[in-house]
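**Student:**
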Amino acid sequence: MAKQLYNPPSPLETRILSKRFGLEGSETLDVYLANDGYKAFLKAKEMAPEAIIEEVKTSALRGRGGAGFPTGLKWSFVPRTSPKPRVIVVNADESEPGTCKDRLLMEYDPHQMIEGILIASLAVQAHVGYIYIRGEYRYLVEAMDRALEEAYARGYLGKNIAGTGWDFDLYTHTGAGAYECGEETALLDSLEGKRGIPRMKPPFPAVAGAWAMPTLLNNVETFSAIPPIIRDGGAAFAALGTPKNGGTRLVCISGHVNQPGVYELPLGFPMMKAIEEVAGGIPGGKKLKAVVPGGSSCPILRADECDIAMDYDTLAKIGSMLGSGGMVVLDETTDMVGFALRIMRFYAHESCGWCIPCREGTTWMKKILTRFHEGQGRREDIALLGELSKNMLGRTFCALGDAAALPTISIVEKFTEDFETYLARQEVMV
Amino acid sequence: MTFSPQLEQRFAKMLTRYPEGRTRSAVIPMLIYAQDEVGAITRDVIEEVAKRCKVTPVQVDEVVGYYSMLHRKPQGKFHVQVCTNISCLLVGGEELYEHAKKKLGVGHKETTADGQFSLEEVECMGACSWAPAVEINYDFHHHVTPEKLDQLIDGLRKAH
Ligand SMILES: Cc1cc2nc3c(=O)[nH]c(=O)nc-3n(C[C@H](O)[C@H](O)[C@H](O)COP(=O)(O)O)c2cc1C
Ligand code: SF4
Ligand code: FES
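If you're matching them up, the sequences are chains F and E in order.
First residue of the first sequence? That's 16 in this note's numbering, and the numbers climb one at a time after it.
First residue of the second sequence? That's 13 in this note's numbering, and the numbers climb one at a time after it.
1) If you measure from the beta carbon of E:Glu59 to each beta carbon in chain F, is any gap under 8 Å?
2) Cβ of F:Gly211 within 8 Å of Cβ of E:Tyr78?
3) Run the CB neighbour count on F:Ala201, radius 10 Å, all protein chains shown included, and call it buried at 16 or more, exposed below.
4) Does E:Val39 have its Cβ less than 8 Å from a Cβ in chain F?
5) List, from N- to C-terminal side, the beta strand (DSSP E) runs of 3 residues or more that fit wholly inside the stretch 50-126 of chain E.
6) Give a single yes or no on whether F:Thr411 has its beta carbon closer than 7 Å to a heavy atom of ligand 2.
7) Strictly by DSSP, which residues pair up with F:Glu61?
8) Counting beta carbon pairs with one atom in the stretch 363-377 of chain F and one in the stretch 415-424 of chain F, are three or more of them shorter than 8 Å?
9) Please determine whether the Cβ atom of F:Ala294 lies at a distance below 7 Å from any heavy atom of ligand 3.
10) Buried or exposed for E:Gln163, going by 16 or more other Cβ atoms inside 10 Å?
11) Measuring only the C-alpha atoms, how far is E:Arg29 from F:Tyr186?
12) Would you call the stretch 310-320 of chain F and the stretch 424-439 of chain F touching, i.e. three or more CB-CB distances under 8 Å?
13) Nearest to F:Asn106 by alpha carbon, out of F:Lys72, F:Tyr21, F:Tyr194, F:Lys54?
14) Evaluate F:Met444 with the Cβ neighbour count: other Cβ atoms within 10 Å of its Cβ, from every protein chain shown; 16 or more gives buried, anything less gives exposed.
15) On the criterion of 16 or more Cβ atoms from any shown chain inside 10 Å, does F:Leu415 qualify as buried, or is it exposed?
16) F:Ser404 to F:Gly376, Cα distance in whole Å?
17) What are the residues that DSSP puts in a beta bridge with F:Ser269?
18) Using the beta-carbon count (16 or more within 10 Å), is F:His188 buried or exposed?
19) Mind checking which residues open and close the alpha helix (DSSP H) that includes F:Asn106?
20) Does the stretch 169-186 of chain F touch the stretch 203-220 of chain F, meaning 3 or more C-beta pairs lie closer than 8 Å?
21) Starting from the Cα of F:Arg262, find the closest Cα among F:Asn233, F:Gly353, F:Leu76 and give me that residue.
22) Which value, in whole angstroms, describes the spacing of the CA atoms of E:Ile98 and F:Val352?
23) If you measure from the CB of F:Ala166, is any heavy atom of ligand 3 nearer than 7 Å?
24) Could you tell me whether the Cβ of F:Phe361 comes closer than 8 Å to any Cβ of chain E?
25) Using 8 Å as the Cβ pair cut-off and three pairs as the minimum, do the stretch 328-343 of chain F and the stretch 111-131 of chain F touch?
26) Along the beta strand (DSSP E) that carries F:Asp182, what are the first and last residues, could you check?
27) Counting only Cβ pairs nearer than 8 Å, list the residues of chain E close to F:Val343.
28) For the stretch 268-280 of chain F against the stretch 343-357 of chain F, do three or more pairs of beta-carbon atoms, one drawn from each stretch, fall closer than 8 Å, so that the two count as touching?
29) Go through its chain and collect everything with a Cβ distance to F:Leu27's Cβ below 7 Å, but skip five positions before and after it.
30) Using C-beta distances below 7 Å, list every residue in its chain close to F:Leu408, excluding the 5 sequence neighbours before and after it, in chain order.
31) Kindly indicate if chain F contains any beta-carbon less than 8 Å away from that of E:Leu164.
32) Between F:Glu195 and ligand 2, is the CB less than 7 Å from at least one heavy atom?
33) What do you reckon, is the C-beta of E:Met137 under 7 Å from a heavy atom of ligand 3?
34) Figure out for me which residue from E:Lys115, E:Thr124, E:Ala145 has the closest Cα to the Cα of E:His95.
35) Can you tell me which of the three DSSP states F:Asn175 falls into?
36) When the Cα atoms are used, what is the spatial distance from E:Lys66 to E:Pro31?
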């Protein structure tokens, strides 16, 4: 009997990273080993670091944490012959609204991620790594700790891994509630026991990261994609997607759909097909109004913009982003003023307060949107929201400022009529 | 102040994880585990954590206000966290939060008089595709309806 997953799989998926999810005991080392586990690490052990990095470049894998930076290129920036020891950090902070996939990779297949980290350790010549897990995911800290313990006991972590002579230690580290700690440099400060305030870049973490040591930092899903890439070759992974957008990714579909869930789809998968066929369409025969393509930080798409292929470059072309893979579907009944307000409340709450444009900008916009939502809006507010968010763009210390501004600009511009409706309703009341 | 032997063991392990001389890194994990046992970040907890991590109490104190899961006052025995962020919002998260307020008779970050339950409206907790989501202490509950929430709360009430 198949085990109960969070949501039933779809026949339209291409299950590469999630291929073991449905197996009974998929979180154990035995099931992992019986299903291709550690073939890739043993192969990588025979490769030079440059060759591993080349293979990752060939795969066209791009970071799954949000920014979509080419992974192989990032790995090549880490000075692997530096006299300073290298550190690997896994970003398991998963807090971008709409995103719930890293959870599954750690819960169902922790050894795949561990193997990916081990391969990365060969590529950048690191001997220690930390998995930074958001505080709310305590059960995953425990699940990861069990997996690590098993890997240590069976010689897949620690000294002389699988008899290869390679040494690597890996630990979990829990956060304590702060979206900002998902930003890579804030995360590093948090890992050092401080408040999560972003750092000035450069130096980039690759050169001076955790404890000023060269640091390779990637998302959970990015590391989890490494074993299949090394095992079956970078070219095979790349071929699943579109040019420069290799492989598959875990798309988290939520909101107004009949079968919300996390589904592994190749890059370039048609967005409308994902909504209508993978996620079973919109309930009650309602029409599509908008889509948040990759987490709350992304500019929102109007229904007529959604007939597109889901890859980084296509989304960039239409002025949005693929982000973290959190796709939120909104039907025609959705009130965009309320939606914009909820997004801004989030960013105002999570702004770390370090720089003024973000701290003040998010608070001010929250105030305006609240007023509007309560029926006290003014016509000038619509333009003011646009102006305030545009003024924030590119002027903040970290990307959280842009993350608050971008969706707001898109909502105000693309759904002005929703704001107009509020004003019209107010006039009737008067 | 003393912690349970299990926690002492956990702390001892934690301190060996980080590079030489970097025990400050254990501050946040230690605080949250200590809070789980003690109930809140008290003065004593701060001093103990500072001592173990070889930092000043001020260095520990300054992180407490930054992290949303750390708190200086005890919460309810069961801390009910209801997400109202975008994915939950679209499928009834706000109504669920309003329902929780009525059911428990408390508001955001408040605790019931008997100390059993506290309530918090929280940001996305990584359960968007199985929304609306609620986390009680560290346990996730998915596709939560007002009726399901009532059952959860009544169940906890009865059991304790
Ligand atoms: C405010 C903010 C929050 C972020 N949150 C996360 C997160 O929760 N998880 C994540 O992997 N990346 C997050 N990122 C992106 C990271 O800074 C970083 O780019 C990423 O972890 C790098 O890994 P990748 O190249 O594998 O994607 C966030 C960025 C910002 C600006
Ligand atoms: S942009 Fe916002 S979150 Fe980022 S450093 Fe500035 S205040 Fe902090
Ligand atoms: S929006 Fe509620 S769990 Fe993500």
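Even for Gly, the Cβ is constructed at its ideal location relative to N, Cα and C.
**Tutor:** Checking against the coordinates, here is how it stands:
1) no
2) yes
3) buried
4) yes
5) 90-95
6) yes
7) Paired residue(s): none; F:Glu61 is not in a bridge.
8) yes
9) no
10) exposed
11) 7 Å
12) yes
13) F:Tyr194
14) exposed
15) buried
16) 7 Å
17) F:Val343
18) buried
19) Here F:Asn106 belongs to no alpha helix (DSSP H); instead the beta strand (DSSP E) covers 101-107.
20) no
21) The question names Arg, but residue 262 of chain F in the sequence shown is Gly. Among F:Asn233, F:Gly353, F:Leu76, the Cα nearest to that of F:Gly262 is on F:Leu76.
22) 12 Å
23) no
24) yes
25) yes
26) Segment: none, F:Asp182 is in no beta strand (DSSP E) and carries neither H nor E.
27) Ile98, Ser99, Leu102, Cys140
28) yes
29) Glu292, Val293
30) Asp417, Ala420
31) no
32) yes
33) yes
34) Position check: residue 95 of chain E holds Cys in this sequence, whereas His was assumed. Nearest option by C-alpha distance: E:Ala145.
35) coil
36) 14 Å
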